[in-house]
Each structure stands twice: as structure tokens, then as C-alpha cells.
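Here the working numbering is used: the first residue of the sequence shown is 247, the next is one more, and so on.
All C-beta atoms in this analysis are idealised placements derived from N, C-alpha and C, irrespective of residue type, glycine included.
Heads up: the structure comes next, in C-alpha cells.
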Amino acid sequence: MIEIEKVSWNESLKVEISYTGECVTQVVRRLPPLSVVRQACYIFFNSPTQNIKDKTILFLLLLSSTDQIKEAIEANKLKEGEDGYLVRCCKSDLEKYSPIAIESLDERLMLTFNAINSPKRHPK
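Spelled out as C-alpha cells, the structure:
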């Protein structure tokens with residue numbers, strides 16, 4: 247199951263932002279629709295390795311539906327005490343997704359952006 251937790255930012259949350267090989271965790275200012283979170287998790291674990299060394303930044307890009315690192319960081323920067331969301335997903339979550347409906351044009355555009363800009367797997 248994808249874990250989403252509303253948090254109040256403080257410096258100790260920095261250690262929560264991580265990638266273990268099995269799970270990735272990031273903090274965002276605004277929570278994207280669940281469909282975007284699920285897609286970000288799917289693309290993160292199923293796309294070929296990218297040129298981004300810090301995998302938590304890759305997850306932030308996907309959650310933010312942008313390919314610009316600076317833009318994603320600026321949009322999700324939190325000051326001490328500001329509320330945000332801790333998002334954690336694991337490889338094992340991918341098999342447990344149930345169907346959901348896309349509810350808005352913005353949500354559809356975010357999903358489309360991530361799909362178009364994610365690295366493609368080439369058939370073997």
C-alpha cells in the first residue's frame with residue numbers, strides 16, 4: 247500500500263526522504279491526485295535507470311509532473327512548521343493497485359506528462 251501522511255516540516259524529516267532499493271520516500275508541499283502518486287511509483291520502479299543520481303529527486307519529479315529539477319524543488323520547498331505530505335511507495339505496492347477514475351483535466355494532464363516524459367523500455 248502506498249503510504250501518505252500529512253506532516254509538519256522540520257529538519258528531522260530530511261532523514262525520511264530516502265530510497266532503499268525496495269521503497270522510495272519523498273515530501274511534497276501539495277499532494278497530487280492518487281492516480282499521479284500511483285503512476286509515479288509505477289514509473290519509478292519500472293523505467294530503466296535514468297541519469298539522475300539521486301533517486302529521491304526522480305521520485306519528486308514524477309510526483310510534481312515536471313522534468314525540471316529546480317522547478318520541482320522550488321515548488322515543494324517547505325519552511326519550518328509548514329504542512330506537507332510524506333509519500334512512500336514500495337515495489338511490492340505495484341501489484342495491489344485497484345482501478346480508479348480520473349476526475350479532472352488537470353489530473354489527466356499530469357498523468358499524460360509523466361507518461362510522455364518517462365524513459366521507455368525497449369522490447370527485447
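Among 334, 311, 331, whose alpha-carbon lies nearest the alpha-carbon of residue 352?
Counting from one through the sequence shown, the residue named residue 352 turns up at place 106. Proximity to residue 352 across 334, 311, 331 peaks at 311, based on C-alpha coordinates.
Note to self: Helix, strand or coil, according to DSSP, for residue 225 in the structure here?
What the structure shows: With the chain covering 247 to 370 only, the question about residue 225 has no answer from this structure.
Beta-ladder partner(s) of residue 284, from DSSP: Here residue 284 corresponds to residue number 38 of the sequence shown, with the count starting at 1. Residue pairing from DSSP leaves residue 284 without any beta-bridge partner.
Once DSSP output is grouped into helix, strand and coil, what is the label at residue 271?
Within the sequence shown, the letter at position 25 stands for residue 271. Note: residue 271 maps to strand in three-state DSSP.
Check: residue 271 and residue 334: beta carbons closer than 8 angstroms?
Finding: Against the sequence shown, residue 271 aligns to sequence position 25. Against the sequence shown, residue 334 aligns to sequence position 88. Against a cut-off of 8 angstroms, the Cβ pair of residue 334 and residue 271 comes out as a contact.
* Rank 332, 350, 361, 349 by C-alpha distance to the C-alpha of residue 260 and give the top, closest one. => Residue mapping note: residue 260 aligns to position 14 of the sequence shown, counting from 1. Considering only alpha carbons, the answer is 332.
> Taking buried to mean at least 16 other C-beta atoms within 10 Å of its own C-beta, is residue 364 buried or exposed?
Replying inline: Walking along the sequence shown from the start, residue 364 turns up at place 118. Buried, because 16 or more other Cβ atoms sit within 10 Å of the Cβ of residue 364.
Using C-beta distances below 6 angstroms, list every residue in its chain close to residue 277, excluding the 5 sequence neighbours before and after it, in chain order. For the purposes of this step, residue 277 is identified with residue 31 of the sequence shown, where counting begins at 1. Residues of the same chain with a CB within less than 6 angstroms of the CB of residue 277, apart from the 5 flanking positions on each side, are 331 in chain order.
How close, in whole Å, do the beta carbons of residue 290 and residue 308 come, if the pair is a contact with beta carbons under 8 angstroms?
Here residue 290 refers to the residue found at position 44 of the sequence shown. Here residue 308 refers to the residue found at position 62 of the sequence shown. Contact holds; Cβ gap of about 6 angstroms.
Distance check for residue 316 and residue 298, CA to CA, integer angstroms please. Locating residue 298 in the sequence shown gives position 52, counting from the first residue. Locating residue 316 in the sequence shown gives position 70, counting from the first residue. Taken atom to atom, the span from the alpha-carbon of residue 298 to that of residue 316 is near 13 angstroms.
Notebook entry, point to check: With distances taken between CB atoms, is the gap from residue 406 to residue 302 smaller than 8 angstroms?
Noted result: This structure cannot speak to residue 406, because the chain is shown only from 247 to 370.
| said: Among the candidates 329, 248, 279, 288, whose CA atom is the shortest distance from the CA of residue 355? | reply: Looking up residue 355 in the sequence shown gives position 109. With distances taken between Cα atoms, residue 355 lies closest to 279.
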